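Colleague: As they're listed, the protein sequences go chains A and B.
Counting in my numbering, the first sequence runs from 3 upward without gaps.
Counting in my numbering, the second sequence runs from 5 upward without gaps.
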Amino acid sequence: MNDTASGHKPLGRSGMAARAARDIPEGWYVNLGIGVPTLIANHIPPEREVVLHSENGILGMGPAPEPHKENPWLVNASTQRVSLRTGASFVHHADSFAIVRGGHLDLCVLGGFQVAENGDLANWAQSATEAGRQIGGAMDLAVGAKRVWVTMEHTTKDGRARILRRCTYPLTAAACVSRVYTSLAVLDVTPKGFVVIDIIPGLSFEELQARTEAELHRE
Amino acid sequence: MIDKFVRSMAEAMNGIRDGSTVLIAGFGDVGAPNALLDGLIEQGATDLTLVVNSAGRVHKPGDPTTGVARLVELGRVRKVITSFIRATSIAGEAVRDGRMTAEVVPQGTLAERIRAAGAGVPAFFTPTGAGTLIAEGKEAREYNGRPCILELALPGDVALVDAWMADRWGNLVFRDSSRNFNPIMAMAGQLTIVQTHHICDLGQLSANEIVTPGIFVDRVLHVAAGDPQLPR
């Protein structure tokens, strides 16, 4: 389907990140996963005190440093160099995952391959037999955080649905996702399934449903 | 007088046996005991089980191979226990070709299994991984209405650790995010070997700032290892 022809412009990576950032209030402790979620940090205004956690043992992570202020000893979970906010602290890896698994994070935002209407998330492998297995901290975050949001393209590059009745890829965790920010919409996962919170300008509910396998509900 | 400093890499690596389980700290290059890994490569122990957060970078032909990837390439690794293995890394290729096995576990489960080993906890139940592929073959039980799986402690015969500063008792501090797996691996190693960027006199590190007390440390080697590198 040609999206430009139907009069709407899907959000890009930065657009999805900015949309999710709008909904993160001051005071939350938040973990941002690899990919689009990492970009969310760029859209949280510095005066809004949101404390970012990184799996490798940082609470109070700041933005990417200016080139001459880079610290080789300070990296995020994607091993990119980062900075610290005033008030930041370090913990070792078991304490860092106690923060995650002990239910202390208000929110984690993860990338996704597929999300199902029961909140199942698939984001680490496309089949059970891949030689590579890149789990990292995703299973811990999906189970441990108080809320799990997912940012991802609404469909795959070749137009297949990612918002599904049931995931077809191996699960990261069952029934963990509460909200999805896609390139086309914001969806809440509820007991009755996906509820549409927001659609990008120029796209109708019916057009959104046509790009979605799971049944969508109006608010 | 307690003196855990060793004077050479050969002394640091002395006695590591074939078939050992080796805990390797670090997150990317930060906090990674790269000099000790060079020493282990030189020392020659084989049939190793390596416990390391990530099993290595994408393999590009022509890149020099170091550390875990080099041990794998030399055929000296029987198994790797890790949270992250890329199909296109040297380790991923070894698993695909059947030259090595990999046990891939969630990163928090990996950290907690190591912590449990150091704390004398033989096993624990966790909801992480329940209902996923990694639950296969593991005992399942429900607690507070949540499905959980049994995970076993993960002790090391050897732990390789990277510290920022150490004294002769083996008290350690770490720099910034290089702390990561170092303190818990130091606790879980039967033989804990530390490379340290700096050394100081006993008493220069205050009791308030010491992160890993020397009781968890067996040997300390002073290595001017330089700054961690970014992945290429």
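Built from N, CA and C at the ideal position, the CB exists for glycine as well.
Every value quoted in this text rests on a predicted model; they were computed, and no experiment measured them.
#1: Could you say which of 221(B), 212(B), 134(B) and 184(B) lies nearest to residue 30(B) if we only look at CA atoms?
#2: Restricting to Cα atoms, I'd like to know which of 57(B), 165(B), 136(B) and 167(B) is closest to residue 153(B).
#3: The region 66-93 of chain B: which residues have C-beta closer than 9 Å to a C-beta of chain A, in chain order?
#4: Could you pull the start and end residues of the beta strand (DSSP E) that residue 226(B) belongs to?
#5: Of all the residues that make up the region 138-162 of chain B, which are near chain A by a beta-carbon distance shorter than 9 Å?
#6: What separation, rounded to the nearest whole angstrom, lies between the Cα atoms of residue 189(B) and residue 27(B)?
#7: Using a Cβ-Cβ cut-off of 8 Å, state whether residue 190(A) counts as contacting chain B.
#8: Would residue 235(B) pass as an interface residue toward chain A - the criterion being a Cβ-Cβ separation below 8 Å?
#9: Pick helix, strand or coil for residue 111(B), following the three-state DSSP scheme.
#10: Can you list, in chain order, the stretches of the beta strand (DSSP E) that have 3 or more residues and sit fully within the region 19-72 of chain B?
#11: Skipping 5 residues on each side, what residues in its chain have a beta carbon closer than 6 Å to that of residue 3(A)?
#12: Distance check for residue 153(A) and residue 116(A), CA to CA, integer angstroms please.
#13: Just how far apart, CA to CA, sit residue 206(B) and residue 235(B)?
#14: I need the boundaries of the alpha helix (DSSP H) containing residue 149(A), first residue and last residue.
#15: Would you kindly work out how many angstroms separate the C-alpha atoms of residue 24(A) and residue 44(A), rounded to a whole number?
#16: If we cut at 8 Å on Cβ distances, does residue 188(B) have a partner in chain A?
#17: Could you compute how far the alpha carbon of residue 77(B) sits from the alpha carbon of residue 147(A)?
#18: Can you find a CB in chain B that lies within less than 8 Å of the CB of residue 119(A)?
#19: Identify which residue in 42(B), 32(B) and 213(B) has its Cα closest to the Cα of residue 58(A).
#20: Is there a Cβ of chain A sitting closer than 8 Å to that of residue 131(B), yes or no?
#21: Under 8 Å, Cβ to Cβ, is there at least one residue of chain A near residue 128(B)?
#22: Relative to the C-alpha of residue 74(B), which candidate in 113(B), 215(B) and 93(B) has its C-alpha closest?
#23: Return the CA-CA distance between residue 77(A) and residue 91(A), expressed in angstroms with no decimal places.
#24: Could you compute how far the alpha carbon of residue 109(A) sits from the alpha carbon of residue 181(A)?
#25: With DSSP run on the structure shown, which of helix, strand or coil describes residue 208(B)?
#26: In whole angstroms, what separates the C-alpha of residue 197(B) from that of residue 93(A)?
#27: Could you pull out every residue in the same chain whose Cβ sits closer than 6 Å to the Cβ of residue 96(B), ignoring the five residues on either side in sequence?
#28: Report the CB separation of residue 219(A) from residue 184(A) in whole angstroms; it is logged as a contact under 8 Å.
#29: What residues of chain A sit near residue 185(B), judged by a beta carbon separation below 7 Å?
#30: Mind pulling the chain B residues with CB within less than 8 Å of residue 135(A)?
#31: Please list, in chain order, all residues of the same chain as residue 19(B) whose beta carbon is under 7 Å from its beta carbon, the five residues on each side excluded.
#32: Report the rounded CA-to-CA distance for residue 217(A) versus residue 173(A), giving the unit in angstroms.
Modeller: A quick look at the data gives this:
#1: As a first step, residue 30(B) is located in the second sequence; it is residue number 26 there, counting from the start. Among 221(B), 212(B), 134(B) and 184(B), the Cα nearest to that of residue 30(B) belongs to 184(B).
#2: For the purposes of this step, residue 153(B) is taken as the residue at position 149 of the second sequence. Looking at 57(B), 165(B), 136(B) and 167(B), the one whose alpha-carbon comes closest to that of residue 153(B) is 136(B).
#3: For the region 66-93 of chain B, the beta-carbon criterion of a distance under 9 Å to any beta-carbon of chain A is satisfied by 86, 87, 88, 89, 90, 91, 92 and 93.
#4: Indexing the second sequence from 1 puts residue 226(B) at position 222. Boundaries of the beta strand (DSSP E) harbouring residue 226(B): 223-226, taken from the DSSP string.
#5: Result list: 138, 150 and 151.
#6: Position 185 of the second sequence, counted from the first residue, corresponds to residue 189(B). Position 23 of the second sequence, counted from the first residue, corresponds to residue 27(B). Looking at the two C-alpha atoms, the distance is approximately 6 Å.
#7: The count along the first sequence starts at 1 and reaches residue 190(A) at position 188. The C-beta of residue 190(A) comes no closer than 8 Å to any C-beta of chain B.
#8: In the second sequence, residue 235(B) corresponds to position 231, counting from 1. Yes - at least one Cβ of chain A is within 8 Å of the one on residue 235(B).
#9: In the second sequence, the residue the question calls residue 111(B) occupies position 107. The three-state secondary structure of residue 111(B), taken from DSSP, is helix.
#10: Qualifying beta strand (DSSP E) stretches, in chain order: 25-28 and 52-56.
#11: Stepping through the first sequence from its first residue, residue 3(A) is reached at position 1. Caution is warranted here: a pLDDT of 47 is assigned to residue 3(A), below 50, making its placement in the model unreliable, and the coordinate value is therefore given only provisionally. Excluding sequence positions up to five before and after residue 3(A), its CB lies less than 6 Å from no other CB in the same chain.
#12: Indexing the first sequence from 1 puts residue 116(A) at position 114. Indexing the first sequence from 1 puts residue 153(A) at position 151. Computed Cα separation, rounded: 10 Å.
#13: Taking the second sequence and counting its residues from 1, one reaches residue 206(B) at position 202. Taking the second sequence and counting its residues from 1, one reaches residue 235(B) at position 231. The straight-line gap from Cα to Cα measures roughly 36 Å.
#14: Taking the first sequence and counting its residues from 1, the one referred to as residue 149(A) is at position 147. Element bounds for residue 149(A): n/a, residue is neither H nor E.
#15: As a working note, residue 24(A) is residue 22 in the first sequence. As a working note, residue 44(A) is residue 42 in the first sequence. The alpha-carbon atoms of residue 24(A) and residue 44(A) are separated by roughly 11 Å.
#16: As a position in the second sequence, residue 188(B) is number 184, starting the count at 1. Yes, its Cβ sits closer than 8 Å to a Cβ of chain A.
#17: Reading the second sequence from its first residue, position 73 is the one you call residue 77(B). Reading the first sequence from its first residue, position 145 is the one you call residue 147(A). Taking the straight line from one Cα to the other gives about 38 Å.
#18: Taking the first residue of the first sequence as 1, we reach residue 119(A) at position 117. Taking CB atoms only, residue 119(A) has no neighbour in chain B less than 8 Å away.
#19: Position 56 of the first sequence, counted from the first residue, corresponds to residue 58(A). Taking only the C-alpha atoms, the option nearest residue 58(A) is 32(B).
#20: The count along the second sequence starts at 1 and reaches residue 131(B) at position 127. Closer than 8 Å: yes.
#21: Working through the second sequence from its first residue, we reach residue 128(B) at position 124. It does not: the Cβ of residue 128(B) has no partner Cβ on chain A nearer than 8 Å.
#22: Here residue 74(B) refers to the residue found at position 70 of the second sequence. In terms of Cα proximity to residue 74(B), the closest of 113(B), 215(B) and 93(B) is 93(B).
#23: Working through the first sequence from its first residue, we reach residue 77(A) at position 75. Working through the first sequence from its first residue, we reach residue 91(A) at position 89. In a straight line, the C-alpha of residue 77(A) is about 13 Å away from that of residue 91(A).
#24: By 1-based counting over the first sequence, the position of residue 109(A) is 107. By 1-based counting over the first sequence, the position of residue 181(A) is 179. The C-alpha of residue 181(A) is placed about 11 Å away from the C-alpha of residue 109(A).
#25: Translated into positions along the second sequence, residue 208(B) becomes position 204. Three-state DSSP puts residue 208(B) in coil, outside helix and strand.
#26: Your numbering for residue 197(B) matches position 193 in the second sequence. Your numbering for residue 93(A) matches position 91 in the first sequence. Whole-angstrom Cα-Cα distance: 21 Å.
#27: The residue given as residue 96(B) occupies position 92 in the second sequence. Around residue 96(B): 89 and 90.
#28: To locate residue 219(A), count along the first sequence from 1; it is residue 217. To locate residue 184(A), count along the first sequence from 1; it is residue 182. Actually they are not in contact, since the Cβ atoms of residue 219(A) and residue 184(A) sit about 16 Å apart, beyond 8 Å.
#29: Looking up residue 185(B) in the second sequence gives position 181. Residues of chain A passing the Cβ test: 95.
#30: Counting from 1 along the first sequence, the entry for residue 135(A) is found at position 133. The answer, in chain order, is 88, 89, 106 and 108.
#31: Translated into positions along the second sequence, residue 19(B) becomes position 15. Answer for residue 19(B): no residue qualifies.
#32: Here residue 217(A) refers to the residue found at position 215 of the first sequence. Here residue 173(A) refers to the residue found at position 171 of the first sequence. Rounded to the nearest angstrom, the two C-alpha atoms are 20 Å apart.
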